[in-house]
Structures are given as C-alpha cells and as structure tokens.
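Student: What follows is a structure written as structure tokens; I'll ask about it next.
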Amino acid sequence: MSEQAMTVRGNGAAATMTAPRVQPRVDVLEAEEAWTILVDLPGVAEEDLELSIERDTLTLDAQPRLHERPGMTLHFSDMAPRGFRRHFTLDERVDRERIAAALDGGVLRITLPRSKEAGPRRIPVGRG
Amino acid sequence: MLTRQLSRLEGLLEPGSLFGSQLSPARELLARRDHIAPPMQLWSNENAAVVTVELPGVDPDNIEISVEDRVLTVTATREQTHEDALRSERRYGRYQRQLRLPFEVDLDTAHARSVHGVLEIQFDRSEADRPRRIEIVREEG
Numbered sequence: 060m061s062e063q064a065m066t067v068r069g070n071g072a073a074a075t076m077t078a079p080r081v082q083p084r085v086d087v088l089e090a091e092e093a094w095t096i097l098v099d100l101p102g103v104a105e106e107d108l109e110l111s112i113e114r115d116t117l118t119l120d121a122q123p124r125l126h127e128r129p130g131m132t133l134h135f136s137d138m139a140p141r142g143f144r145r146h147f148t149l150d151e152r153v154d155r156e157r158i159a160a161a162l163d164g165g166v167l168r169i170t171l172p173r174s175k176e177a178g179p180r181r182i183p184v185g186r187g
Numbered sequence: 514m515l516t517r518q519l520s521r522l523e524g525l526l527e528p529g530s531l532f533g534s535q536l537s538p539a540r541e542l543l544a545r546r547d548h549i550a551p552p553m554q555l556w557s558n559e560n561a562a563v564v565t566v567e568l569p570g571v572d573p574d575n576i577e578i579s580v581e582d583r584v585l586t587v588t589a590t591r592e593q594t595h596e597d598a599l600r601s602e603r604r605y606g607r608y609q610r611q612l613r614l615p616f617e618v619d620l621d622t623a624h625a626r627s628v629h630g631v632l633e634i635q636f637d638r639s640e641a642d643r644p645r646r647i648e649i650v651r652e653e654g
C-alpha cells in the first residue's frame, strides 16, 4: 500500500449535514499515468453532485433524489433517505490541475493523473 | 466474505412481512446467500405502479425482470471490469431482489429504464384490481 497516492478517509467530524450522509462504495485503481476512483452513486445526477478540492483533500458530496415521485405514494422502501459523502487525501504525486471526473449510470469516475515530476523514472542500466 | 455478510443483512429487510405474505422463493434464495440484494422501492397511485432498484454501473443488457403470481423478480449481473484494485469495496456478481406486489399489474404495459444507476419499472394496475371510489348517495329528506 506504500504506492498509494491517496488515503481514503471517513466522514469529517466538522461536516455539516443537511441529510444523513453515508460513505459510497469505491474501487481505486492504479495505472502508470493515473489513479482512478470509481464511486457507486445510485440515483445521483450531475446537478446533485459536488466535488471539491481543498489543499490535500478531495471531497465528494451528493444528494440523490430518490424520494420524490409526484402523484405517487411510497408503499415500501429500504433505500434510506440519505446522501453520500467521502473524503480522499491526495499526496504530492497527484497532479491537482488535471483531476477530471465523469458521471455515468450512477458511477462517478474520478481520474487523478500522476504529476510529471513524480512519475516513475526509468534508470538506464549500462552494460558492464 | 464481506459481500456475503452484507447480503445477509439486507436480506433481513426483505419486504414480504409488510404485505403479510410469505416470500418463500425469496427466502430460499436469500438463505443461499449467493447474491446481493439491492435496495428497492415500490410506489403507486390509483392507475400505476413503479418499482425502483439501485443497480449502479449495471449494464441494462444484464438485467432481467419477471413477474409471476404477483411476485416481481429482478436479477442482474455486474461484471468486474478491472483486476488488481488498490481498494475494492464495490460489489460485483449476481444481484437479485423479489417483491410481492400488493395488487395486480397489467404486464402488457410494463416498461423499464435505467436512470442514473437506478432501474425503474413501471406498470399500469390491472383494471379489475384498482381502487374504486364508491359514491355515496345523498338521500333527499
């Protein structure tokens, strides 16, 4: 895990809550050029999602609208009315300027490119 | 292992008891714990019903929906598209959920779509099984 460029943390104590927030499930992948975080956010549209970065902390906050259906009555639900919040701590190997995110089918894909300076360097080995 | 534990926990939320009917096929499946039970909702009004199921990242081609004896079954497969994750919390494999509908639905009217990773199945309620307003006759006196 020493290769991990980011630490995945729980909810911040100082978080102000408008609705109960739970941590969404994530997968973190590593490739040569970037790390990728895949976040399950069922029911979340672009306008329901906020992604922000402050110093080393990337924060995701989302409030899906699963509990509104005008003209209908809810008979049964085990989808708790809740939002999603998660913090990720980035280290210096992530290029803050090139972080990108895309939402598709309830899954957010956050791309964290490696900064050029911190990329893996090839050390030439000479013949003896 | 974690997946199995979560699946068991969610199994406890199976709605069968709410409608006073035993969901024995569902219970059997849950007892096998070989699938994930995603959260769901049932909405209705006089004319229609909507069932929603959380299936983020599931290809609609890998979702199957069936209704038999008022029991709606949604089965889905979520394929893992990557190996060697640094962290892996998302759940892959077989998803299944069953719900006994508290009224008859007209299967010919069923249509389904996936909205932001939530499956929405919509039906018209059967004509014969809709709530009817009973008019009260005012007696002239």
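Respectively, the protein sequence lines represent chains H and U.
The numbering of the first sequence is the numbering used here, which starts it at 60 and goes up by one.
The numbering of the second sequence is the numbering used here, which starts it at 514 and goes up by one.
From the three backbone atoms N, C-alpha and C, an ideal C-beta is built for every residue, glycine too.
Small disclaimer: the values here were computed from a predicted structure and weren't measured.
1) Specify, as a first and last residue, the run of the beta strand (DSSP E) that Gln554 (chain U) falls within.
2) Examine chain U for any beta-carbon lying closer than 8 angstroms to the beta-carbon of Leu97 (chain H), and answer yes or no.
3) Applying the criterion that 16 or more other CB atoms from any shown protein chain within 10 Å of the CB defines a buried residue, is Glu652 (chain U) buried or exposed?
4) Could you check what DSSP says for Arg157 (chain H) in three-state terms: helix, strand or coil?
5) For the putative contact between Arg107 (chain H) and Arg144 (chain H), defined by C-beta atoms under 8 angstroms, what is the C-beta separation to the nearest angstrom?
6) With a threshold of 8 angstroms between beta carbons, is Leu125 (chain H) in contact with chain U?
7) Considering Tyr608 (chain U), what are the terminal residues of the beta strand (DSSP E) in which it resides?
8) Using 8 angstroms for Cβ pairs, my map puts His146 (chain H) next to Thr116 (chain H). What's the rounded Cβ distance?
9) Which residues bound the beta strand (DSSP E) around Val98 (chain H)?
10) Determine which residues share a DSSP beta bridge with Ala121 (chain H) and list them.
11) Between the segment 576 to 584 of chain U and the segment 613 to 632 of chain U, do at least 3 Cβ pairs fall closer than 8 angstroms?
12) In the structure shown, what three-state DSSP assignment does Ala562 (chain U) receive?
13) Going straight from the alpha carbon of Arg603 (chain U) to that of Glu592 (chain U), what length do you get?
14) Using the C-alpha atoms, what's the distance from Arg583 (chain U) back to Ala544 (chain U)?
15) Against chain H, with Cβ distances strictly below 8 angstroms, would His629 (chain U) count as a contact?
16) Between Ala78 (chain H) and Leu88 (chain H), what straight-line distance do the alpha-carbon atoms span, to the nearest angstrom?
Tutor: According to the structure data:
1) If you number the second sequence from 1, residue 554 (chain U) lands on position 41. First-last of the beta strand (DSSP E) with Gln554 (chain U): Met553 to Ser557.
2) In the first sequence, residue 97 (chain H) corresponds to position 38, counting from 1. Answer yes: the Cβ-Cβ gap between Leu97 (chain H) and chain U drops below 8 angstroms somewhere.
3) As a position in the second sequence, residue 652 (chain U) is number 139, starting the count at 1. Exposed: under 16 other Cβ atoms inside 10 Å.
4) Here residue 157 (chain H) corresponds to residue number 98 of the first sequence, with the count starting at 1. In this structure, Arg157 (chain H) counts as helix in the three-state DSSP scheme.
5) Within the first sequence, the letter at position 48 stands for residue 107 (chain H). Within the first sequence, the letter at position 85 stands for residue 144 (chain H). Strictly speaking, residue 107 (chain H) in this sequence is Asp, with Arg absent from that position. Going by Cβ atoms, the distance from Asp107 (chain H) to Arg144 (chain H) rounds to 12 angstroms, so no, they are not a contact pair.
6) Looking up residue 125 (chain H) in the first sequence gives position 66. For Leu125 (chain H), the answer is yes, since a Cβ of chain U falls inside 8 angstroms of its Cβ.
7) As a first step, residue 608 (chain U) is located in the second sequence; it is residue number 95 there, counting from the start. First-last of the beta strand (DSSP E) with Tyr608 (chain U): Gly606 to Arg613.
8) Counting from 1 along the first sequence, the entry for residue 146 (chain H) is found at position 87. Counting from 1 along the first sequence, the entry for residue 116 (chain H) is found at position 57. About 5 angstroms; that satisfies the 8 angstroms criterion.
9) Along the first sequence, one-based indexing puts residue 98 (chain H) at 39. Looking at the DSSP string, the run of the beta strand (DSSP E) that includes Val98 (chain H) is Ala93 to Asp99.
10) If you number the first sequence from 1, residue 121 (chain H) lands on position 62. The partner list for Ala121 (chain H) (beta bridge, DSSP) reads H:Leu108 and H:Phe143.
11) yes
12) As a first step, residue 562 (chain U) is located in the second sequence; it is residue number 49 there, counting from the start. In the structure shown, Ala562 (chain U) sits in a strand (DSSP, three-state: E or B).
13) Locating residue 603 (chain U) in the second sequence gives position 90, counting from the first residue. Locating residue 592 (chain U) in the second sequence gives position 79, counting from the first residue. Distance between the alpha carbons of Arg603 (chain U) and Glu592 (chain U) is about 11 angstroms.
14) As a working note, residue 544 (chain U) is residue 31 in the second sequence. As a working note, residue 583 (chain U) is residue 70 in the second sequence. No answer about Ala544 (chain U) holds up, because its pLDDT of 47 lies below 50 and its placement is not dependable.
15) Position 116 of the second sequence, counting from 1, holds the residue named residue 629 (chain U). Taking Cβ atoms only, chain H reaches closer than 8 angstroms to His629 (chain U), which makes this a yes.
16) Here the question's residue 78 (chain H) lines up with position 19 in the first sequence. Here the question's residue 88 (chain H) lines up with position 29 in the first sequence. Going from the Cα of Ala78 (chain H) to the Cα of Leu88 (chain H) covers about 30 angstroms.
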